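In the numbering used here, the protein residues as written are 313 to 546.
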């Protein structure tokens, strides 16, 4: 049975696009929220609009359910800095055991902002692409972290906040397969051609899995996942 509405944390990448499709298949109305936090791969903000437009044009069963899109500035993360996603740094393993691409507090801020907007919009269900299977070691992508945020937000807002994470326990190959199950070849092609996962924001080099530098950890995960997905399909 469909709930009324959901708010999807939507970056314009593979994972959040798959989560958007997941939400559109389950909720009567779906809104999206994105964040400009000074990320180096800012081309993902342009990808968001391409993906949303393509869904409205190419998926008639989903288009009527796709509601308003919201974009918020969280440039405090850029001001704090110290991450390879906001500063000109090499992506490598740091001395603290986490990759330098880790942005401290990012998902907590994302969820807090999304929950505040959802409160005003009369929405109780949030959907995010956090994943503990292929998560590069980011502690704010763990199930316990996400659900602890949901509990805290429920208490802080005095209203139920549910955070759905459909990718939490699946790998990238299974994420490709989920997209196929939800939207078939049309959604797979949309993800390949329009979404941005690459940490460098590379839109020049095209691969069978989409655009990207092909070297950064995000591209590596996406490429290996696509190869495994295709091998299983054939």
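Here a beta-carbon is modelled for each residue, glycine too, at the ideal position from N, C-alpha and C.
Being a predicted model, the structure only gives us computed values, none of them experimental.
Between residue 458 and residue 441, the gap from beta carbon to beta carbon reaches 8 angstroms or more. The criterion of a C-beta distance shorter than 8 angstroms is satisfied by residue 395 and residue 414. Looking at the backbone, the Cα of residue 520 and that of residue 504 are separated by about 8 angstroms.
Beta-bridge partners assigned by DSSP to residue 341: 317. Within the same chain, and ignoring the five residues on either side of residue 518 in sequence, no residue has its Cβ closer than 7 angstroms to its Cβ. Comparing alpha-carbon positions, the option among 424, 407 and 412 lying closest to residue 346 turns out to be 424. If you look at residue 384, you'll find it isn't in any alpha helix (DSSP H); it sits in the beta strand (DSSP E) that goes 378-385. Residue range 355-370 is occupied by the alpha helix (DSSP H) that includes residue 355. Bounds of the beta strand (DSSP E) holding residue 437 are 437-439. Linking residue 476 to residue 334 through their CA atoms gives a straight-line distance of about 10 angstroms. Leaving aside the five residues that flank residue 454 on each side, the residues in its chain whose CB is nearer than 6 angstroms to its CB run, in chain order, 444. Leaving aside the five residues that flank residue 419 on each side, the residues in its chain whose CB is nearer than 6 angstroms to its CB run, in chain order, 452. Each of 383, 464, 468 and 543 was checked against the Cα of residue 358, and the nearest Cα belongs to 383.
DSSP places residue 322 in the coil class of the three-state scheme, outside both helix and strand.
Sequence-distant Cβ neighbours of residue 336 in its own chain, meaning closer than 6 angstroms and more than five residues away, are 342, 374 and 377. Nearest Cα to residue 502 within the set 411, 360, 417 and 348: 360. Judged by DSSP in its simplified three-state form, residue 414 adopts coil rather than helix or strand.
Residues of the same chain with a CB within less than 7 angstroms of the CB of residue 506, apart from the 5 flanking positions on each side, are 359, 362, 363 and 366 in chain order.
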